[in-house]
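K.L.:
Below is the structure I would like to discuss, written out as structure tokens.
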Amino acid sequence: MAVLTCVVILVLSLIAAAFHSHVMNETPIDAVSLTLAPYPKVEGVYARNNLLESAEKLGEGKILQPEDIVPDPTGKFLYVSTLDGWIKKLHLADNTVEDWKRVGGRPLGLAVGNDGELLVCEPTQGLLKVTEDEISVLATEVNGTKLLLPDAVTVAKDGLIYLTDATTKYSLDLHLHDTLEARPNGRIVVFDPASKSTHILLNDLYFPNGITISRDDSYLLFAETTTSRIRKHYLKGDRKGETETLTESLPGFPDNIHWSSKGDVLYVGLVGGPRDAVIDLLWQSPFLKSLLALYPSLQKLFDNSLKWAGVLAIDETGRPVKWLEDRSGKTVACVTTGVEVDGFLYLGGLRDGFVGRVAA
Ligand SMILES: *[C@@H]1O[C@H](CO)[C@@H](O)[C@H](O)[C@H]1NC(C)=O
């Protein structure tokens, strides 16, 4: 009997070892273990709520998966980037949708430039400038390498344009590979419109996603999706050139970030979540992550993001001040962006066909 047990254990071990080496050899990623900072307890600001469940649906059926939203400076309409390659305008007086410009591809992050032009990140083309008259390409590469996943953009008063290139390794359709791999493949790039040139500001970032500049242009904030943190990079003053982590105890994985209209609060769209012990363990296991990259159908077991929405407001020190959820994804899910205009919070994301609106 003892011999039989030993044989069974030996055979099972051999099968497990063979499966392990099969996965590690065949997986398309080169994963490392990542330990996330603890996620917040469900209390205080983070007490359970369902504030997003009552969102109104604006432009339903006419705005496919709005990844990012920015208000026009007059506050009369919102620019919205959609899955089918459009920049649409959502007019706030009557909630009508205008098909404004078709840039093609999959436009992601948006910002309004200093001359009223719209800046658009579109991974297959690069950094675009869109005006009433034309669509032009501002930048396609930096330091001899292609912009592979330009994701979000912000503009300083001196005209410099800062954008995230989320990963230099995987294209948009494989962006989950980058997150599972958990290596710092991303960067922040600067485009100078005066010289029409680009340079790298920061390398070695973990899927840098949303980005925004402070009102006085003294620092940038950017979301790192893979590490679930918001980071701060100083552009001026004694600490110029330094980067620090503003907050890393987030309840989900951050995407676009936008200042409130007063500029006192930062709204963070959490595209994946809620974080839990299972996700944290997964992040620590190169084998499991390699398995999920090799067999994407297994990702459904871990990925709850199409059944959940979360938007977090933090102050400029990183302290949470407001937390909004749709805990079952009943109304909105997979929210990538939250933008406040006139006391309303507008929501865009990767599941729904409308812009959501709740009280901010
Ligand atoms: C730019 O490219 C060169 C040559 O490949 C490389 O040595 C250098 O480190 C790059 N600069 C940055 C900031 O990444």
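Read in order, the letters of the sequence shown are residues -18 to -1, 1 to 342 in mature numbering (1 follows the signal peptide of the UniProt record, and there is no 0).
Yeah, the Cβ is synthetic: ideal placement off N, Cα and C, and Gly gets one too.
What does the Cβ neighbour count give for residue 61, buried or exposed, with the cut at 16 atoms within 10 Å?
P.N.:
To locate residue 61, count along the sequence shown from 1; it is residue 79. With 16 or more neighbouring CB atoms inside 10 Å of its own CB, residue 61 falls in the buried class.
K.L.:
Classify residue 107: buried if its beta carbon has 16 or more other beta carbons within 10 angstroms, exposed otherwise.
P.N.:
Within the sequence shown, numbered from 1, the residue matching residue 107 stands at position 125. Answer is buried; the Cβ neighbour count reaches 16.
K.L.:
Do you know offhand how far residue 320's Cα is from residue 104's?
P.N.:
If you number the sequence shown from 1, residue 320 lands on position 338. If you number the sequence shown from 1, residue 104 lands on position 122. Looking at the two C-alpha atoms, the distance is approximately 20 Å.
K.L.:
My assumption, with CB atoms under 8 Å, is that residue 159 sits in contact with residue 125. Please give the rounded CB distance.
P.N.:
The residue labelled residue 159 in the question sits at position 177 within the sequence shown. The residue labelled residue 125 in the question sits at position 143 within the sequence shown. Not quite, the Cβ-Cβ distance comes to about 23 Å (not below 8 Å), so this is no contact.
K.L.:
For residue 300 and residue 237, which I take to be in contact (beta-carbon distance under 8 Å), what is that distance rounded to the nearest angstrom?
P.N.:
By 1-based counting over the sequence shown, the position of residue 300 is 318. By 1-based counting over the sequence shown, the position of residue 237 is 255. The beta-carbon separation of residue 300 and residue 237, rounded to 17 Å, does not stay under the 8 Å limit for a contact.
K.L.:
Considering only residues of the same chain and omitting the five flanking positions on each side of residue 37, which have a CB-CB separation below 7 Å?
P.N.:
Here residue 37 refers to the residue found at position 55 when the sequence shown is read from its first residue. Apart from the 5 residues on each side of it in sequence, residue 37 sits with its Cβ closer than 7 Å to the Cβ of 313, 314, 329, 338, 339, 340 in its chain, given in chain order.
K.L.:
Just to check my reading of the structure: residue 152 and residue 166 have Cβ atoms closer than 8 Å, yes? What is that Cβ distance to the nearest angstrom?
P.N.:
Counted from its first residue, the sequence shown places residue 152 at position 170. Counted from its first residue, the sequence shown places residue 166 at position 184. With 8 Å as the limit, residue 152 and residue 166 do not qualify as a contact, their Cβ atoms being about 13 Å apart.
K.L.:
Answer yes or no: do residue 316 and residue 295 have a C-beta to C-beta separation smaller than 8 Å?
P.N.:
Walking along the sequence shown from the start, residue 316 turns up at place 334. Walking along the sequence shown from the start, residue 295 turns up at place 313. No.
K.L.:
Would residue 272 be called buried (16 or more neighbouring beta carbons within 10 Å of its own) or exposed?
P.N.:
As a working mapping, residue 272 is identified with position 290 in the sequence shown. Label assigned to residue 272: buried.
K.L.:
At the level of alpha carbons, what is the spacing between residue 46 and residue 136?
P.N.:
As a first step, residue 46 must be located in the sequence shown, where it is residue number 64. As a first step, residue 136 must be located in the sequence shown, where it is residue number 154. Cα to Cα, the separation comes out at about 23 Å.
K.L.:
Please find out if some non-hydrogen atom of ligand 1 comes closer than 7 Å to the beta-carbon of residue 125.
P.N.:
Locating residue 125 in the sequence shown gives position 143, where the first residue counts as 1. Because some heavy atom of ligand 1 lies under 7 Å away, the Cβ of residue 125 counts as near it: yes.
K.L.:
Determine the closest residue to residue 89 out of 254, 111, 57, 28, with distance taken between C-alpha atoms.
P.N.:
For the purposes of this step, residue 89 is identified with residue 107 of the sequence shown, where counting begins at 1. Minimum Cα distance to residue 89 is reached at 111.
K.L.:
Less than 6 Å between C-beta atoms, sequence neighbours within five positions excluded: which residues of the same chain meet that for residue 175?
P.N.:
Sequence index remark: in the sequence shown, residue 175 carries index 193 (1-based). So the list reads 141, once near-sequence residues are dropped.
K.L.:
Is residue 170 near ligand 1, going by C-beta to nearest heavy atom under 7 Å?
P.N.:
Within the sequence shown, the letter at position 188 stands for residue 170. It does not: the Cβ of residue 170 is nowhere closer than 7 Å to a heavy atom of ligand 1.
K.L.:
By Cβ distance below 6 Å, which residues in the same chain neighbour residue 43 in space, the five residues on each side in sequence not counted?
P.N.:
Within the sequence shown, residue 43 is the residue found at index 61, counting from 1. So the qualifying residues of the chain are 335.
K.L.:
Whose C-alpha, out of 177, 205, 225, 161, is nearest the C-alpha of residue 183?
P.N.:
Looking up residue 183 in the sequence shown gives position 201. Comparing Cα-Cα distances from residue 183 to each of 177, 205, 225, 161, the minimum goes to 225.
K.L.:
Between residue 167 and ligand 1, is the CB less than 7 Å from at least one heavy atom?
P.N.:
For the purposes of this step, residue 167 is identified with residue 185 of the sequence shown, where counting begins at 1. It does not: the Cβ of residue 167 is nowhere closer than 7 Å to a heavy atom of ligand 1.
K.L.:
So, helix, strand or coil for residue -14, using DSSP?
P.N.:
For the purposes of this step, residue -14 is taken as the residue at position 5 of the sequence shown. Helix at residue -14.
K.L.:
Bridge partners of residue 229, per DSSP?
P.N.:
Translated into the one-based positions of the sequence shown, residue 229 becomes position 247. Paired residues: 212.
K.L.:
Looking only at its own chain, which residues have a Cβ that is under 8 Å from the Cβ of residue 117, when we skip the five neighbours before and after it?
P.N.:
Reading the sequence shown from its first residue, position 135 is the one you call residue 117. Contacts found: 83, 85, 110, 111.
K.L.:
If you count every other CB in all the chains shown that lies within 10 Å of the CB of residue 246, and 16 or more means buried, which is it?
P.N.:
Position 264 of the sequence shown, counted from the start, is the residue given in the question as residue 246. Residue 246 comes out exposed.
K.L.:
I need the straight-line Cα distance from residue 405 to residue 309, nearest angstrom please.
P.N.:
Lying before the first or after the last residue shown, residue 405 is absent from the chain, which here runs from -18 to 342.
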